[in-house]
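**Student:** The opening residue of the sequence shown carries number 92 in our numbering; numbering runs sequentially from there.
Glycine included, each C-beta is placed from N, C-alpha and C at the ideal position.
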Amino acid sequence: MNLILQSPTVKKLPGIHFQVTEMTLPFRDKYLDFDETIVPDYSDVSLEVIESSQVFRVEKRTSLRKSVSRNHLKQVETERTIEDLRSQLAKNKSAEFKAHVDVGVWKALLLLDPTNVQVASELSEKNRLLDEHRAVGNRLTLEIQALQRITLEDSRSPRRDSWNVSGHHTPAQQTLTLERAQWQAEKRDLLSSHSLAESQWLVKSSAKIQQLEHAHKAEREKWSHDKQLFARENKQLVKENQLLALEKKQLDFENQQLVHQNKQLVHQNKQLVHQNKKLTKENRSLKETRDKLLHDIKRLKGELNWFGTEVCKPLGLFQGSEEFQTLERVNTRKVAQPAKRRVAVCEMTEALMSLDLNKTPPPPPAKKPKTEDESQSQSLVLIVKE
């Protein structure tokens with residue numbers, strides 16, 4: 092893939108001053124066409140890092156005038172930049188490790204409770220932070236590698252004339268080889284430290300996951316036990332509720348019967364009150380009639396006493412008659428039954444009213460003893476008249 096500049100520009104690179112005519116992004120080129128300068132394999136380097144590493148295919152100037160002191164200063168500056176980038180990379184590695192731990196913890200929590208939306212959102216946020224730290228780490232690593240390559244090229248460029256004709260390496264080339272070996276050793280150390288930290292994190296995270304699983308298992312067992320207790324209590328409450336429902340139905344039926352009986356008793360009470368009023372009215376009427384009859388009897392009794400004592404006895408006309416005997420019986424014996432006494436009084440009054448006082452009364456008949464049949468017939472006649 093080639094990226095060609097339309098117009099030539101002057102690009103100042105650390106330790107190199109070239110007229111840039113064409114910019115090439117070499118991915119798999121092993122060697123350049125000039126100076127026999129060795130270029131590493133860039134097959135694992137991204138396009139962004141290739142652009143930032145500023146590796147270009149350039150055309151060499153006719154004259155190379157480079158000062159060793161100037162190159163040394165620029166090399167020192169590049170090394171300082173590399174150290175700064177390494178410190179940033181170390182900080183980023185610690186932050187990435189922390190984010191990795193957080194992701195593992197939130198994954199474990201999500202495994203324990205897959206339906207928790209808040210845990211899922213936190214896990215996605217931690218994954219995003221981890222991806223950001225990884226991207227920053229990759230970028231810093233590739234920048235450090237690019238600067239190291241530039242430093243190596245700068246260190247090789249002023250000593251081109253020191254190559255032997257036979258192709259053996261000069262001391263500078265040996266130094267470059269030693270630096271490469273040192274860089275590979277540092278890389279292995281970093282990888283080993285990273286793998287050690289990752290293994291430690293795995294041990295810690297597995298222990299924490301086991302602890303969380305144990306706590307979750309205990310909580311689930313407790314919840315299951317509580318659920319069984321609640322189920323038994325619920326069954327007991329259902330039975331009690333059914334018994335209470337039956338008792339309520341029975342009480343409702345008894346209440347309806349009592350209400351019906353109460354209505355009947357109220358109706359009977361109303362009837363009794365009506366009968367009581369009626370009987371009270373009749374009793375009052377009978378009392379009035381009784382008082383009136385007693386008053387009439389008393390008045391008639393007085394009149395009969397006066398008539399018998401003042402009229403009949405002085406005349407001596409009716410002593411042998413039946414009327415006089417009736418009158419005398421009323422006055423002397425006091426007939427016990429009021430009805431018979433009233434009948435006798437009425438008969439005596441009728442007999443007295445029909446008498447003719449100017450007429451001489453007949454002699455009294457001879458008294459005959461009354462038989463029991465005659466006395467009973469006379470009493471029957473009086474009862475019939477009444």
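Under a three-way DSSP split, which group does Lys389 fall into?
**Tutor:** It is helical.
**Student:** In three-state terms, what does DSSP make of Thr206?
**Tutor:** Here Thr206 sits in coil by DSSP.
**Student:** Select from Arg381, Lys299, Val329, Ser178 the residue whose C-alpha is nearest the C-alpha of Ile235.
**Tutor:** That would be Ser178, whose Cα lies nearest to the Cα of Ile235.
**Student:** Have a look at Asn229 and Lys313 and give me their C-alpha separation to the nearest angstrom.
**Tutor:** Asn229 and Lys313: Cα-Cα distance of roughly 48 angstroms.
**Student:** In angstroms, rounded to a whole number, what distance separates the CA positions of Gln352 and Lys361?
**Tutor:** If I take the Cα positions, the gap works out to 14 angstroms.
**Student:** Could you check whether the segment 186-198 touches the segment 215-229, counting it as contact only if at least three pairs of C-beta atoms, one from each stretch, sit closer than 8 angstroms?
**Tutor:** These segments touch.
**Student:** Using the Cβ count rule (16 or more neighbours within 10 Å means buried), how would you classify Thr206?
**Tutor:** So Thr206 counts as exposed.
**Student:** Buried or exposed: where does Lys184 fall if 16 or more other Cβ atoms within 10 Å of its Cβ makes it buried?
**Tutor:** With 16 or more other Cβ atoms within 10 Å, it is buried.
**Student:** What separation, rounded to the nearest whole angstrom, lies between the Cα atoms of Thr478 and Asp387?
**Tutor:** For residue 478 there is no data in the structure shown, the boundaries of the chain being 92 and 477.
**Student:** To the nearest angstrom, report how far apart Ala190 and Val227 are at their CA atoms.
**Tutor:** For Ala190 and Val227, the distance between alpha carbons rounds to 13 angstroms.
**Student:** Which runs of the beta strand (DSSP E) spanning at least 3 residues fall entirely within the segment 156-241, listed in chain order?
**Tutor:** Listed in chain order, there is nothing to give.
**Student:** For Leu363 and Leu370, I'd like the C-alpha separation in whole angstroms.
**Tutor:** About 10 angstroms.
**Student:** Where Asp166 and Thr242 are concerned, what is the direct C-alpha to C-alpha distance, given to the nearest angstrom?
**Tutor:** The amino acid occupying residue 166 in the given sequence is Gln; Asp does not appear at that position. Each residue's Cα considered, the two are about 6 angstroms apart.
**Student:** Is the beta carbon of Leu176 sitting closer than 8 angstroms to the one on Leu231?
**Tutor:** Yes, Cβ-Cβ distance for Leu176 and Leu231 is below 8 angstroms.
**Student:** Flag this pair as yes or no: are the beta carbons of Leu303 and Ala199 separated by less than 8 angstroms?
**Tutor:** Yes.
**Student:** Tell me which same chain residues have a C-beta within less than 8 angstroms of the C-beta of Leu180, skipping the five on either side of it?
**Tutor:** Taken in chain order, the residues that qualify are Gly228, Leu231, Thr232, Ile235.
**Student:** Tell me whether Ser283 sits in a helix, a strand or coil according to DSSP, three-state version.
**Tutor:** Note: Ser283 maps to helix in three-state DSSP.
**Student:** Have a look at Lys326 and Lys354 and give me their C-alpha separation to the nearest angstrom.
**Tutor:** Distance between the alpha carbons of Lys326 and Lys354: 42 angstroms.
**Student:** So, using beta-carbon positions, are Trp274 and Phe188 closer together than 8 angstroms?
**Tutor:** Against a cut-off of 8 angstroms, the Cβ pair of Phe188 and Trp274 comes out as no contact.
**Student:** Rounded to the nearest angstrom, how far is the Cβ of Leu201 from that of His307, given a contact under 8 angstroms?
**Tutor:** The pair is not a contact, with the Cβ atoms about 12 angstroms apart (cut-off 8 angstroms).
**Student:** Let me know if Leu337 comes out buried or exposed under the rule of 16 or more other beta-carbons within 10 Å of its beta-carbon.
**Tutor:** It is exposed - the Cβ of Leu337 has fewer than 16 other Cβ atoms within 10 Å.
**Student:** What is the DSSP secondary structure of Lys318, counted as helix, strand or coil?
**Tutor:** Helix at Lys318.
**Student:** Give a yes or no on whether the C-beta atoms belonging to Leu238 and Ile300 are separated by under 8 angstroms.
**Tutor:** No. Outside cutoff.
**Student:** Straight-line CA distance for Lys450 to Leu391?
**Tutor:** Because the pLDDT of Lys450 is 48, which lies under 50, any placement of that residue in the model is unreliable, and the question is left without a value.
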